[in-house]
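In our numbering, the protein residues as written are -15 to 44.
Even for Gly, the Cβ is constructed at its ideal location relative to N, Cα and C.
Just so it is clear, the structure is predicted and the values come from calculations on it, not from any experiment.
For reference, the structure discussed in these notes is given below.
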């Protein structure tokens, strides 16, 4: 078993949105992470995240 740990990508400031979803830059970071994992042959069988919107968006 291999375990990969990632922090969520860049999120909006709390003052802008208290739920702190990903910013536009964060969406680009998450997409780049997905491309990197795919290019590396990493195919996770499961994702686990905190349930917060920004973590869910990064995992998606």
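Asked, Found
"For residue -5: DSSP bridge partner residues", "6"
"Spatially closest choice to residue 28 from -9, 35, 43, 38, by CA coordinates", "43"
"Same chain, Cβ closer than 7 Å to residue 7, neighbours up to 5 away in sequence not counted", "-6, -5, -4"
"Nearest residue (CA-CA) to residue -12, options 21, 5, -1", "21"
"Through-space distance from residue 41 to residue 11, alpha-carbon basis", "8 Å"
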